[in-house]
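Written out below as structure tokens is the structure these notes cover.
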Amino acid sequence: MTLGLFDDDQPAAPQAPEWLEPGAVVLRGFALPPAAGLLQAVDAIAAQSPFRHLITPGGKRMSVAMTNCGPLGWVSDRSGYRYDPVDPETGRPWPAMPALFKQLARDAAEAAGFAGFAPDACLINRYAPGTRLSLHQDRDEGHYAHPIVSVSLGIPALFLWGGAQRADRARRVPLLHGDVVVWGGPARLRFHGVLPLPEATHPLTGAHRINLTFRKAG
Ligand code: MD6
Ligand code: FE
């Protein structure tokens, strides 16, 4: 038996990367050391630019609550998806990206083989039990040479890892508190999503899952 440093039975030692396919990897527990600091920073960001449920171009309210930090933020409304330097809800720039976020994104990208990643956008997703994210591609960035780094915090989720077409069979990848997924290169435009979250609580987030996705958007 491997004993973790903390009593949440996740090992403190680095775990072997789990490759989903070339260019896409799950780094188990990579964000455990900074997790509490990341969540404190999320609270501070949300105090300035609150979580909100965006409206899709098709007029549906997203079940995931979102906010952003960094020079650019991802937003959606009836006119489409875009990256915007201003939070449309507050009329002010998005909160700055904390140094802790930048360092984690850079380190995770490097561990996945993408050295020198310098994100200018961090989308922060908040899920409650029942919340889902349907299959989609991340293609509003225009910088497909750069990877995406995705950090999972709080209650677990089943991530859907699909193919190049929406109809391709998707596998289910459990993502736990502290797990980081990096994808780029040949896997950059894969369809992916999140199944509805089951009821759960986590000591650091209560009944929420927080996902940080770092991109180079500008
Ligand atoms: C999520 N993530 O895990 C949703 N997109 O909550 C994403 O949609 C995502 O995890 C691009 C790259 C990594 C991701
Ligand atoms: Fe995505």
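For what it's worth, my numbering labels the leading residue of the sequence shown as 55, then goes sequentially. Every residue gets a Cβ at the ideal spot worked out from N, C-alpha and C, and that includes glycine.
Using a C-beta cut-off of 8 Å, the region 185-193 makes contact with the region 244-258, since at least three inter-stretch Cβ pairs fall below that distance. Not a single heavy atom of the ligand MD6 lies less than 7 Å from the C-beta of His-231. In the three-state DSSP reduction, Phe-155 falls in the helix class (H, G or I). Under the three-state reduction of DSSP output, Glu-253 falls in the coil class, being neither helix nor strand.
Fully contained in the region 209-238 are the following beta strand (DSSP E) runs of length 3 or more, in chain order: 211-215, 225-229, 234-237.
Given a length threshold of 3 residues, each whole run of the beta strand (DSSP E) inside the region 142-197 is given here in chain order: 175-181, 187-190. Within 7 Å of the C-beta of His-256 there is not a single heavy atom belonging to the ligand FE. Not one heavy atom of the ligand FE falls within 7 Å of the beta-carbon of Asp-222.
For Ile-99, the uninterrupted alpha helix (DSSP H) run begins and ends at 89-102, by DSSP. Bridge pairing for Ala-78: Glu-75, Trp-237 [DSSP]. Taking 7 Å as the cut-off, the C-beta of Ile-178 does not count as close to any heavy atom of the ligand MD6. Annotation for Ala-119: the continuous beta strand (DSSP E) segment containing it runs 119-123. Distance from the C-beta of His-190 to the nearest heavy atom of the ligand FE is below 7 Å. Taking C-beta separations shorter than 6 Å and ignoring five residues to either side along the sequence, the partners of Pro-250 in its chain run Gly-184, Arg-186, following chain order. In this structure, the alpha-carbon of Met-151 lies about 15 Å from that of Asp-161. Residue pairing by DSSP leaves Phe-105 without any beta bridge partner. Three or more Cβ pairs closer than 8 Å define a contact, and the region 215-227 falls short of that threshold against the region 86-99.
By the Cβ neighbour-count rule, Pro-88 is buried, with 16 or more other Cβ atoms within 10 Å of its own. DSSP lists Ile-109 as the bridge partner or partners of Arg-115.
Looking at the backbone, the Cα of Glu-164 and that of Trp-215 are separated by about 21 Å. Relative to the non-hydrogen atoms of the ligand FE, the Cβ of His-246 comes within a distance shorter than 7 Å of at least one.
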